[in-house]
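Asker: Take any residue in the sequence shown, note its place counting from 1, add 720, and you have its number in the working numbering. A virtual CB, placed ideally from N, CA and C, is assigned to each residue, including glycine.
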Amino acid sequence: MRGRDEVQVRDGTCRHPGCSRAASRSDIDHGLDWAFGGRTDHNNLAHLCPAGHALKHEAGWKVSQATDGTGTLTWTTPTGHTYVTEPETPIGTAISAELRSTATRANEARSEE
């Protein structure tokens, strides 16, 4: 499973508070912009729908991503309200599920031979 796929499985949906748009139909966004040294890895990436992505860049909004690998985002509005969004599936769980699925398919293919 590639890093981009891991983040899509982890997030499941757009990470803007209250949005349920599928991650597969959302932008993948660098928490710290790549142009400013932001890394392209799961600790700095999250899915945002076009509206959530635009809002992130509006004056007064602040979005920070936890550096502990959980993918937790903290959104702070221009009025100071804070919202925390958690990913649907932790990265380790997502990778394990993909590996189990791949192993199951391989075993099924072998048993059909």
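(1) Three or more beta-carbon pairs under 8 Å between the stretch 732 to 742 and the stretch 750 to 765, yes or no?
(2) Report the three-state DSSP secondary structure of His762 (helix, strand or coil).
(3) Under the three-state reduction of DSSP, which class applies to Trp795: helix, strand or coil?
(4) By alpha-carbon positions, which one of Ala743, Cys739, Thr797 and Leu775 ends up nearest to Asp725?
(5) Where Gln785 and Glu778 are concerned, what is the direct C-alpha to C-alpha distance, given to the nearest angstrom?
(6) Check for me: the beta strand (DSSP E) holding Asp749 runs from which residue to which?
(7) Taking a contact to mean a Cβ-Cβ separation below 8 Å, would you say Thr805 touches Thr796 in this structure?
(8) Can you give me the start and stop residues for the beta strand (DSSP E) that Thr805 sits inside?
(9) Going along the chain, which residues of its own chain have a beta-carbon closer than 8 Å to the beta-carbon of Asp747, five neighbours each way excluded?
(10) With a threshold of 16 other CB atoms inside 10 Å of the CB of Lys776, please say whether the residue is buried or exposed.
Answerer: Based on what the coordinates show:
(1) As far as the Cβ criterion goes, the stretch 732 to 742 does not touch the stretch 750 to 765, which means the pair count is below three.
(2) When secondary structure is reduced to three states using DSSP, His762 falls in the helix class.
(3) In the displayed model, Trp795 falls within a strand according to three-state DSSP.
(4) Cα-wise, what sits closest to Asp725 is Ala743.
(5) Going by the C-alpha atoms only, they are around 17 Å apart.
(6) In the DSSP assignment, Asp749 falls within the beta strand (DSSP E) that extends over Asp747 to His750.
(7) No, Cβ-Cβ distance for Thr805 and Thr796 is not below 8 Å.
(8) It spans Thr802 to Thr805 - the beta strand (DSSP E) in which Thr805 sits, taken as one unbroken run.
(9) Taken in chain order, the residues that qualify are His767, Leu768, Cys769, Pro770 and His773.
(10) Buried: at least 16 other Cβ atoms inside 10 Å.
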